[in-house]
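Contents: one structure, followed by commentary.
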Ligand SMILES: NC(=O)c1ccc[n+]([C@@H]2O[C@H](COP(=O)([O-])OP(=O)(O)OC[C@H]3O[C@@H](n4cnc5c(N)ncnc54)[C@H](O)[C@@H]3O)[C@@H](O)[C@H]2O)c1
């Protein structure tokens, strides 16, 4: 005879009653009353995430080093059910990054940068900066956010990884190394956070229509030795079954879902939005 489920759960385990009721019907993705910190919120995917989380009712702390983009974002968020508060911060200041995360219920580690160069030409100082912003800062932000999340028994960590957290591409050594590291950090946070009601997941898109992608077209053309008009078809979409860029708003929708109570059983995983790239 099998043991009743309650006797299988050990001390400190989350009881089945912590799960949303299956009979609750269709429930809105609502984050009213939650505080969310989004890094890299002044542009691209981070901007879309900040707006989507505020539209779901969250109070968003929008962190970026770009003052102008933050100002624009605050204007765009006017009238949404939640709010967006700008926080000008360069994430290479790791102590400040850790401090900024205190008290957040939701943490979206999104800020990033890219340089496309063969390893032998890749500047070591840029490699260091990429690893600092895209791996060490997320570690410090998670470290800063966890005490409050653990104390209240609820938290959501979403790490913007990439298909390059799961697959490598030539000429992207720093970016691929940082994203593979971020996937590991995210899984570790999931294991440690589970007894405290904290989930941690990656969202791993293919190429998204953002300034980060627009800026790398010339570098990709030079590194691969092809005209810039061929970069989209020959490089960016070569391994994608769906032959288009994904929009930032589509990524933000996945991030929002992972932040909701409905996603409470999803942790330690990567949600790939890669148009079929990793199906190969
Ligand atoms: N665009 C894509 O195709 C794509 C695909 C997969 C994953 N991603 C990831 O999504 C995230 C967002 O990328 P995006 O395309 O929206 O880029 P983006 O360039 O549009 O925005 C990145 C933001 O990060 C900020 N940022 C960079 N360094 C910072 C620092 N030191 N301190 C504070 N802020 C800093 C920038 O100011 C900018 O606002 C990145 O982690 C990126 O790796 C992007």
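In this note's numbering, the protein residues as written are 1 to 280. Yeah, the Cβ is synthetic: ideal placement off N, Cα and C, and Gly gets one too. Computed from a predicted model, the values in this text were never measured in an experiment.
Check                                                                                                                                                      : Outcome
Straight-line CA distance for residue 241 to residue 247?                                                                                                  : 16 Å
Using 8 Å as the threshold, is the stretch 186-204 in touch with the stretch 86-100, meaning 3 or more CB pairs across them?                               : no
Does the stretch 166-182 come within contact of the stretch 101-115, defined as at least 3 CB pairs closer than 8 Å?                                       : yes
If you measure between the beta carbons of residue 272 and residue 278, is that distance less than 8 Å?                                                    : yes
On the three-state DSSP scale, how would you describe residue 266?                                                                                         : coil
For residue 52, report the span of its alpha helix (DSSP H) as first-last.                                                                                 : 44-55
What is the DSSP secondary structure of residue 35, reduced to helix, strand or coil?                                                                      : strand
Please name the residue or residues paired with residue 246 in a DSSP beta bridge.                                                                         : 208
Quick one: residues in its chain with C-beta nearer than 8 Å to the C-beta of residue 153, no 5 flanking neighbours on either side, listed in chain order? : 196 and 197
Check each candidate in 245, 53 and 120 and name the one with the smallest Cα separation from residue 28.                                                  : 53
Could you give the first and the last residue of the continuous beta strand (DSSP E) run that contains residue 83?                                         : 83-88
Helix or strand or just coil, what does DSSP make of residue 233?                                                                                          : helix
Can you grab the Cα-Cα spacing for the pair residue 48 / residue 142, in whole Å?                                                                          : 21 Å
Please report the straight-line C-alpha distance between residue 133 and residue 144, rounded to a whole angstrom.                                         : 15 Å
Rounded to the nearest angstrom, what separates residue 184 and residue 127 at their Cα positions?                                                         : 19 Å
Flag this pair as touching only if the stretch 50-64 and the stretch 247-258 have three or more C-beta atom pairs under 8 Å; answer yes or no.             : yes
Can you grab the Cα-Cα spacing for the pair residue 46 / residue 227, in whole Å?                                                                          : 30 Å
Quick check: is any heavy atom of ligand 1 less than 7 Å from the C-beta of residue 45?                                                                    : yes
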